[in-house]
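Quick notes on the structure that follows.
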């Protein structure tokens with residue numbers, strides 16, 4: 004087959020693909036999934052919010068249903084006199100507005116076991132993707148699109164922010180719920196382990212780093228570069244021997260890890276929790292413990308669980324991840340391929 008026929012066939016194939024799927028369909032499908040499934044799943048997973056204020060006692064905020072828009076889905080604009088009305092994309096472009104709609108969550112307060120009546124609370128505005136299911140353009144005919152000032156052949160898949168058209172740039176994410184080990188060629192760090200822990204649509208990122216002096220630290224949530232041994236002790240691995248054995252059965256890997264045990268004068272998990280509170284600079288002892296417990300239960304490796312009974316399993320998971328990091332440093336395993 005000649006090159007001309009090949010090119011002609013390729014162009015026909017591309018035209019057919021554009022007609023059937025479109026070049027931005029994946030953007031729109033992903034956005035539709037985000038607003039109809041992922042956001043409600045995240046809200047459902049959170050369930051309730053307990054403020055970190057000891058004076059409030061058992062006070063908490065209970066989360067209920069989630070909805071987009073006021074009476075129904077669609078873009079809204081607020082005028083200077085305080086009134087609100089629906090708009091279309093062209094008006095947002097001309098007036099330098101953000102094409103968006105408010106988001107609401109049903110909230111109720113609980114104190115002393117008594118729950119108040121639920122209220123719908125506006126917790127932010129959601130930019131609307133053009134031609135998504137919440138955009139009026141998605142249901143318009145070609146004639147209606149022209150009348151609204153839109154190009155009927157515009158596939159959408161982008162946002163309008165302050166009057167400017169913005170498109171999302173895709174970023175490839177690493178696999179969730181497993182440690183990914185990579186080498187680092189710059190700075191004071193030699194290897195890192197990335198763990199993207201996913202639960203109910205929410206991803207908590209963890210980074211374990213090995214410095215050139217052999218010290219290994221972990222960062223997650225608002226915890227930054229904390230010695231890994233402190234966290235392992237707080238999770239219930241109180242004996243140094245247990246930690247070393249879980250990290251690896253290889254003597255050379257254990258030797259490499261020993262430096263992380265020096266200078267950590269912690270023998271009980273409560274001492275480890277207190278050390279976590281000090282690391283994040285919480286002054287009051289009682290409050291310090293409460294914050295540390297909340298951190299390790301709720302934000303550390305949530306895919307394993309968010310109950311105190313899951314702490315030991317989290318410690319074992321982290322010890323194994325540290326073992327992989329050291330084995331990679333010693334050349335016993337290759338770094339993980341991010342591709």
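Numbering (the working numbering), first residue to last: 4 to 342.
A virtual CB, placed ideally from N, CA and C, is assigned to each residue, including glycine.
Computed from a prediction, not measured in an experiment: that's the story for all the values here.
Rounded straight-line distance, which links the Cα of residue j to that of residue i
| i | j | result |
| --- | --- | --- |
| residue 309 | residue 300 | 5 Å |
| residue 198 | residue 319 | 14 Å |
| residue 4 | residue 26 | Bear in mind that the predicted position of residue 4 carries a pLDDT of just 45, short of 50, making it too unreliable to give a figure here. |
| residue 30 | residue 256 | 45 Å |
| residue 103 | residue 43 | 18 Å |
| residue 93 | residue 114 | 48 Å |
| residue 333 | residue 230 | 20 Å |
| residue 296 | residue 233 | 13 Å |
| residue 211 | residue 87 | 48 Å |
| residue 338 | residue 145 | 53 Å |
| residue 50 | residue 156 | 43 Å |
| residue 14 | residue 303 | 50 Å |
| residue 290 | residue 127 | 30 Å |
| residue 330 | residue 59 | 47 Å |
| residue 278 | residue 266 | 13 Å |
| residue 28 | residue 158 | 8 Å |
| residue 217 | residue 335 | 16 Å |
| residue 99 | residue 160 | 19 Å |
One or two residues paired with residue i in a DSSP bridge
| i | result |
| --- | --- |
| residue 104 | 129 |
| residue 93 | In the DSSP output, where bridge partners are listed per residue, residue 93 has none listed. |
| residue 80 | 88 |
| residue 230 | 220 |
| residue 212 | 195 and 220 |
| residue 240 | Beta-bridge pairing links residue 240 to no other residue. |
| residue 69 | 108 |
| residue 333 | BP columns for residue 333 are empty, so no partner. |
Beta-carbon gap between residue i and residue j smaller than 7 Å
| i | j | result |
| --- | --- | --- |
| residue 79 | residue 89 | yes |
| residue 111 | residue 63 | no |
| residue 45 | residue 204 | yes |
| residue 272 | residue 326 | no |
| residue 275 | residue 294 | no |
| residue 213 | residue 133 | no |
| residue 324 | residue 226 | no |
| residue 165 | residue 248 | no |
| residue 140 | residue 106 | no |
| residue 121 | residue 72 | no |
Per-residue burial, residue i [other beta carbons within 10 Å of its own, 16 or more giving buried]
| i | result |
| --- | --- |
| residue 260 | buried |
| residue 206 | exposed |
| residue 172 | exposed |
| residue 2 | Within the shown structure, residues of the chain are numbered from 4 to 342, placing residue 2 beyond reach of any answer. |
| residue 170 | exposed |
| residue 209 | buried |
Chain C contact for residue i (CB, 7 Å cutoff)
| i | result |
| --- | --- |
| residue 128 | Here there is only one protein chain, and chain C is not present. |
Could you give the uninterrupted runs of the alpha helix (DSSP H) lying entirely in the stretch 140-206, keeping only those of 4 residues or more?
-> Complete alpha helix (DSSP H) runs here, min 4: 145-150.
Contained alpha helix (DSSP H) runs [length at least 4] in the stretch 282-315, N- to C-terminal order | The qualifying runs are 288-297.
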